[in-house]
Amino acid sequence: MRSSCLCLTLALLLTPATLLADSAVLEDGFEGTDFAPEGGLYYRENFEQSAGSVRFQSRITRSGQGALELSVKPLCAPDAEGCSERAEIWERTALRVPYDRGVWYAFSLRFAKPVPDDDHRYVMAQWKREIGPDAVGDFSPFLALRMRSGVNFATAETNFVAPPDDAPRPENGLCPEGWTPVWLRPETRQMRMLIARDANWTPEVTSEFDHCTDQLRVSGPGILPGAEAEWHDYAFYTRPGPDGDGLMYLVADGARVAKVEGRIGHDDTGLGANQYFKFGPYRDAGDGEWTLYYDNFRRAPDCEDALDAGLCGLIN
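The sequence shown lines up with residues 675 to 990 when you count with this note's numbering.
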């Protein structure tokens, strides 16, 4: 760990920020009382984040002596529009990866009891493009790990492309091979696609995905771990491609969940040059406290630096 810290410190001093972001391996096992310098992570302070708390604890861990406990409590009025409650951990801005580059992220996640089972928006991890001051509108994450009604699912987002008139419609929430369930949102110039879900999923959980698109191809099996008070190990490869050359991999508990190819992400005026990652509980205004545990964060340009080498050869 000390060697990794020294290498990162030297790289910060000697290497341009864009090259560092491409090549650095970031890791944090949350073993201490603060974020490790070699992890490049921090807790962002703002109004919505004031609903959250971050605690370095040793009672519940995936490995080692520590893990991160992140919680949110009610902050907004229950019927507040556009008010969210967050306890998200961010990558430091200087370490962000260019939007057109591929990068691996890995972390372990565990839900605390009770797991919320209401029909409400819950997000555990999200990947976004930087939004500059000249951008018009709000842009959803191009990849997000979500939960609703106690069920995990993952979504991808891109610019709106109207499906052809003869496009199929989902049956039992699923589309034919070569098509992906999509929530069309022309009013925001975006569309959201359902790319994976846990075994407890039913079409009612994500009923808004009521069309099919051929702009994104997903090869499965597409089954995520459940939202439960057990540790699960996740890894994600992200390489946005709004023009159709995007590629993502979702991996969980040592097996491929999905390969995602096609239109991924946004390409609107005013958007920034980099992608960035946030993890931690994020919800619309809600009741009660919601807690998640995270451990073994790692970010790397190459699969072998993020996952076991034997697994990397199996996920394509």
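Where is the CB? At the ideal position from N, CA and C, for every residue including glycine.
With a cutoff of 8 Å on beta-carbon distance, Asp917 and Ala809 are scored as not near each other. By the Cβ rule, the stretch 742-758 counts as touching the stretch 949-968, because three or more pairs are nearer than 8 Å. In this model, Leu858 and Ala836 are separated by some 8 Å (Cα to Cα).
Scanning Phe813, Leu742, His940, Phe953 for the CA closest to the CA of Ala909 turns up Phe953. Around the C-beta of Arg866, 16 or more other C-beta atoms lie within 10 Å, and the residue is accordingly described as buried. Straight-line spacing of the CA atoms in Thr707 and His906 works out to 23 Å.
Where Ala901 is concerned, there is no enclosing alpha helix (DSSP H), because DSSP gives it neither an H nor an E. For Leu985, the enclosing alpha helix (DSSP H) has its first and last residue at 983-986.
Contact between Ser782 and Tyr968 holds, with the beta-carbon distance rounding to 7 Å and staying under 8 Å. Remark: C-beta atoms of Trp778 and Ala980 approach each other more closely than 8 Å.
According to the DSSP secondary-structure assignment, Val746 is paired through a beta bridge with Gly726, Trp964. Annotation for Gly847: Pro877 place their beta carbon closer than 6 Å to its own, counting only its chain and skipping 5 residues before and after. Around the CB of Asp872, 16 or more other CB atoms lie within 10 Å, so the residue is classed as buried. Contact between Phe816 and Ile938 holds, with the beta-carbon distance rounding to 6 Å and staying under 8 Å. In this structure, DSSP gives Ser732 a state outside helix and strand, which the three-state scheme calls coil.
Here the alpha carbons of Val746 and Gly726 stand approximately 4 Å from one another.
According to the DSSP assignment, Asn990 belongs to no beta strand (DSSP E), since it is labelled neither H nor E. Between Gly915 and Val892, the alpha-carbon positions lie close to 15 Å from each other.
Residue range 825-833 is occupied by the beta strand (DSSP E) that includes Asn826. Contact annotation: Arg760 and Gln800 have beta-carbon atoms that are not nearer than 8 Å.
Short of 6 Å from the beta carbon of Arg736, and not among the five residues preceding or following it, lie these beta carbons of its own chain, in chain order: Ser782, Trp905, Asp969, Asn970. Among the bridge pairs identified by DSSP, Glu712 is matched with none. Apart from sequence neighbours up to five positions away, the residues of its chain that approach Arg972 with a beta-carbon distance below 6 Å are Glu701, Ala780, Ala980, ordered along the chain. For Glu705, no beta strand (DSSP E) run applies, since DSSP gives it neither H nor E. Rounded to whole angstroms, Glu845 and Glu851 show a C-alpha spacing of 12 Å. If you ignore the 5 residues before and after Glu705, its C-beta comes within less than 6 Å of the C-beta of Gly738, Gln739, Gly740, all in its own chain and listed in chain order. Spanning the alpha carbons of Arg820 and Phe834 requires a straight line of approximately 21 Å.
Looking from the CA of Ile805, the closest CA among Gly962, Leu921, Tyr950, Trp964 belongs to Tyr950.
Within the same chain, Cβ atoms closer than 6 Å to the Cβ of Glu963 are found at Ser745, Lys747, the five residues on either side in sequence being excluded. With respect to Val879, Ser823 sits close: the two C-beta atoms are nearer than 8 Å. 8 Å or more divides the Cβ of Val789 from the Cβ of Ile869. Non-local beta-carbon contacts of Gly944 in its own chain, meaning distances under 8 Å to residues more than five positions away in sequence, involve Ile805, Gly806, Pro807, Asp808, Ala809, Val810 in chain order. Within the model, the alpha-carbon separation for Ala903 versus Gly776 is close to 31 Å.
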